[in-house]
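Chains as they are written, first to last, in the working numbering: chain A, 2 to 225; chain B, 1423 to 1845. Note that beta-carbon positions come from the ideal geometry of N, C-alpha and C, so glycine has one too.
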């Protein structure tokens, strides 16, 4: 995964806000990378660009050698479903669906038949230690359990890249560390994991840290 | 995603807001029910009335004469029913011509007890026209003309006199302020109603007698039959020629006026009086006119019902727009996990269509129920035709798609990141 001179501008009413002002960043397969920086530094925006949730205003984003920055929306959606797994601070689970149904969501959009979906979703829940709670709804689960459901969902389509936006932000430190252990397990399997965080203990847990400030990398070049 | 799964997902989302879903379903139910009820009632009423019109067959022609509209009473005396029907029957394209005159009276069935009686004045040909034969005794005969004899329809006989042999008995009837004793000469076999003629519930007397009693020898109705269906137009033309000639003969002393001259004279009479001295109505024209007016009625009422359906559709759109805003975060989650814009569009559109289909089905049942009640109240048959279900399905699909597409499109165009951040 690499970003080349990536910029991103938002419109906030009349005002144009530049969240990213030209970022060059390379991530190698198997990296465990932390994106840090103060709020508003553009770290979440960069993560969204990497996972195809956004298209850059200028510059390029390459994933597995493909330039995804001009992909049409439907193509980006396919890519998000199959190549990328997202984990968010607020978990973003469907509240009326069971854990297993939440995990099966990407499998549904990837077009797998129903039986395969349930099987694989259950396997992913086992993997994060939530097999017995598969039929609980998010409201019946603790924060840590919800986040593990979200991780299971991110893994459902077996993507090479897992992107986490403040995954420990809603959890206590102990639970947060357990989540980080889970991420390390994913890296050990050969997946690439990028974590956006402003918590030092999280950053310290990763192999590599990149710090953003005002939409730029602090050390200027992250191509590493 | 299979259809069953889409339905389950859609139902789940709708079930989460039962009241709201119920109200939007109701809008469609009312619209579809109104359409279905209107269509089924019109079809029922149509079946009833067209049964009456068609009853005698498409070769039937009805002639009404109003000679006193244009002639002096003395001249009009030339319009004796028997004479006219004989002349009409002589036309090449006419097979049958039967004069009919009807009135109502009262039959005395006990001391101080009377029963209403529908009396038809006609000739012996009536039985042949309606294929209607006596069970006891005989029908009217030319020798009965002017005599107080009566033939009873099967149901009438039973109602008035009970079962049994009635030929030879007398019946006291009040007709035109006179009390007459009728000698019963026959009771007919049951025939069922033919067109709008309730032949089993009437009494038959010689037409000359009735005309004498009423003092009206001039007004009469004739039922004619063309030799076959293709000859109806020909028969109408011949009848008009005969009647025109008859009026001309009676209004002019010079016998030389004929052909176009006669036509012009009749035209002048019609133009000045604004009243035709006779009308000739082919059953087929009546059927066409009736179908035309039915279509018009269907369009007007259907239009009103369609407007209520439109209102229901706007309700759906409103609800779906609210749902999209409320479920923005859900849309974000689905997009982040790989849902394409088309998937989101399909999901919301499917929900709107589902609401409409459910509403359409309930509306169909309710409309049928209303149609069945209408049929009972209006005393026409309840027609189960494929039109109402087709209307219900087509309109609910149409409304669902038409009013669901915009909210669904809005949902599909949401930016995933903005949608996820939505509170």
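Take the Cβ of residue i as the centre, count every other Cβ of all protein chains shown within 10 Å, and call the residue buried at 16 or more, exposed below.
i: residue 1675 of chain B; result: Only weak support is given to the placement of residue 1675 of chain B: the predicted model assigns it a pLDDT of 42, under 50, and the question is left unresolved by the model.
i: residue 73 of chain A; result: exposed
i: residue 6 of chain A; result: exposed
i: residue 1518 of chain B; result: buried
i: residue 71 of chain A; result: exposed
i: residue 1677 of chain B; result: In this prediction, residue 1677 of chain B scores a pLDDT of 39, lower than 50, which makes its location untrustworthy; the coordinate-derived value is nonetheless stated afterwards. Exposed, because fewer than 16 other Cβ atoms sit within 10 Å of the Cβ of residue 1677 of chain B.
i: residue 175 of chain A; result: exposed
i: residue 1533 of chain B; result: exposed
i: residue 166 of chain A; result: buried
i: residue 1435 of chain B; result: buried
i: residue 102 of chain A; result: buried
i: residue 146 of chain A; result: buried
i: residue 1699 of chain B; result: buried
i: residue 1701 of chain B; result: exposed
i: residue 1437 of chain B; result: exposed
i: residue 1835 of chain B; result: exposed
i: residue 44 of chain A; result: buried
i: residue 1621 of chain B; result: buried
i: residue 1544 of chain B; result: buried
Starting from the beta carbon of residue i, find every residue of chain B whose beta carbon is closer than 9 angstroms, and list them in chain order.
i: residue 161 of chain A; result: The premise fails here: residue 161 of chain A is roughly 15 angstroms from chain B at the closest Cβ pair, so nothing lies under 9 angstroms.
Under 8 angstroms Cβ-Cβ, which residues of chain B neighbour residue i?
i: residue 93 of chain A; result: 1751, 1754, 1755, 1758, 1842
i: residue 74 of chain A; result: 1762, 1763
Based on Cα-Cα distance, which residue from the options lies nearest to residue i?
i: residue 1861 of chain B; options: B/1649, B/1595, B/1461; result: The first residue shown for chain B is 1423 and the last is 1845, placing residue 1861 of chain B beyond what the model contains.
i: residue 200 of chain A; options: A/135, A/181, A/138; result: A/181
i: residue 40 of chain A; options: A/207, A/198, A/68, A/10; result: A/198
i: residue 33 of chain A; options: A/189, A/125, A/134; result: A/189
i: residue 1833 of chain B; options: B/1652, B/1750, B/1794; result: B/1750
i: residue 1426 of chain B; options: B/1776, B/1791, B/1789, B/1788; result: B/1776
i: residue 112 of chain A; options: B/1821, B/1836, B/1759; result: B/1759
i: residue 1465 of chain B; options: B/1534, B/1720, B/1791, B/1558; result: B/1720
i: residue 1449 of chain B; options: B/1827, B/1841, B/1741, B/1836; result: B/1741
i: residue 1802 of chain B; options: B/1701, B/1457, B/1471, B/1447; result: B/1471
i: residue 1551 of chain B; options: B/1754, B/1718, B/1647, B/1669; result: B/1647
i: residue 1457 of chain B; options: B/1664, B/1520, B/1728, B/1651; result: B/1728
i: residue 1839 of chain B; options: A/3, A/51, A/149, A/24; result: A/51
i: residue 42 of chain A; options: A/107, A/9, A/62, A/30; result: A/9
i: residue 1584 of chain B; options: B/1562, B/1572, B/1609; result: B/1609
i: residue 1444 of chain B; options: B/1746, B/1601, B/1785; result: B/1785
i: residue 1717 of chain B; options: B/1597, B/1787, B/1548, B/1461; result: B/1461
i: residue 1481 of chain B; options: B/1635, B/1658, B/1755; result: B/1658
i: residue 1452 of chain B; options: B/1726, B/1485, B/1770, B/1762; result: B/1726
i: residue 1842 of chain B; options: B/1545, B/1520, B/1765, B/1747; result: B/1747
i: residue 1592 of chain B; options: B/1529, B/1642, B/1564; result: B/1529
Am I right that residue i and residue j are in contact with their C-beta atoms under 8 angstroms? What's the rounded C-beta distance?
i: residue 193 of chain A; j: residue 218 of chain A; result: The Cβ separation is near 18 angstroms, so there is no contact.
i: residue 26 of chain A; j: residue 211 of chain A; result: 7 angstroms
i: residue 214 of chain A; j: residue 38 of chain A; result: 6 angstroms
i: residue 164 of chain A; j: residue 87 of chain A; result: 5 angstroms
i: residue 1825 of chain B; j: residue 1774 of chain B; result: 7 angstroms
i: residue 105 of chain A; j: residue 83 of chain A; result: No, residue 105 of chain A and residue 83 of chain A are not in contact; Cβ-Cβ is about 15 angstroms, not under 8 angstroms.
i: residue 1881 of chain B; j: residue 1800 of chain B; result: The first residue shown for chain B is 1423 and the last is 1845, placing residue 1881 of chain B beyond what the model contains.
i: residue 1463 of chain B; j: residue 1797 of chain B; result: 7 angstroms
i: residue 1856 of chain B; j: residue 1830 of chain B; result: Residue 1856 of chain B lies beyond the stretch modelled for chain B, which goes from 1423 to 1845, so this question has no answer here.
i: residue 1644 of chain B; j: residue 1572 of chain B; result: Their Cβ separation, rounded to whole angstroms, is 22 angstroms, which puts residue 1644 of chain B and residue 1572 of chain B out of contact at 8 angstroms.
i: residue 1527 of chain B; j: residue 1578 of chain B; result: Not confirmed; about 12 angstroms, so no contact.
i: residue 36 of chain A; j: residue 4 of chain A; result: Their Cβ separation, rounded to whole angstroms, is 11 angstroms, which puts residue 36 of chain A and residue 4 of chain A out of contact at 8 angstroms.
For residue i, which residues in chain A fall below 7 angstroms Cβ to Cβ?
i: residue 1761 of chain B; result: 78, 110
Output, in chain order, the set of chain A residues within a Cβ distance shorter than 9 angstroms of residue i.
i: residue 1427 of chain B; result: 109, 115
Would you say the beta carbon of residue i is closer than 6 angstroms to some non-hydrogen atom of the ligand MN?
i: residue 1590 of chain B; result: By its list of ligands, the structure shown contains no ligand whatsoever, and the ligand MN lies outside what it can speak to.
Item checked: Near-chain B residues of the region 46-63 of chain A (beta-carbon distance less than 7 angstroms), N- to C-terminal order -> Within the region 46-63 of chain A, the residues whose Cβ lies closer than 7 angstroms to some Cβ of chain B are 49, 54, 55, listed in chain order.
Note to self: For the region 76-105 of chain A, list every residue whose C-beta sits within 8 angstroms of some C-beta in chain B, in sequence order.
What the structure shows: If the cut-off is 8 angstroms between Cβ atoms, the region 76-105 of chain A has 78, 79, 81, 82, 83, 87, 89, 93, 94, 95, 97 near chain B.
Checklist line | Interfacial residues, the region 1830-1841 of chain B to chain A, with Cβ spacing under 7 angstroms | finding: In summary, the residues of the region 1830-1841 of chain B whose CB is separated from some CB of chain A by less than 7 angstroms are 1838, 1839, in the order they occur in the chain.
Item checked: Interface residues of the region 1763-1774 of chain B facing chain A [CB-CB below 8 angstroms] -> Taking 8 angstroms as the cut-off between beta carbons, the residues of the region 1763-1774 of chain B near chain A are 1763, 1764, 1765, in sequence order.
Next item on the list: Anything in the region 1429-1448 of chain B with a Cβ closer than 9 angstroms to a Cβ of chain A? List those residues in chain order, please.
Entry: Against chain A - using a Cβ distance shorter than 9 angstroms - the residues of the region 1429-1448 of chain B are 1434, 1435, 1438.
Checklist line | Positions along the region 200-220 of chain A whose CB lies within less than 9 angstroms of some CB in chain C | finding: The structure shown contains no chain C; its protein chains are A and B.
Next item on the list: Give, in chain order, every residue of the region 132-161 of chain A whose Cβ lies closer than 7 angstroms to some Cβ of chain B.
Entry: Listed by position along the chain: 154.
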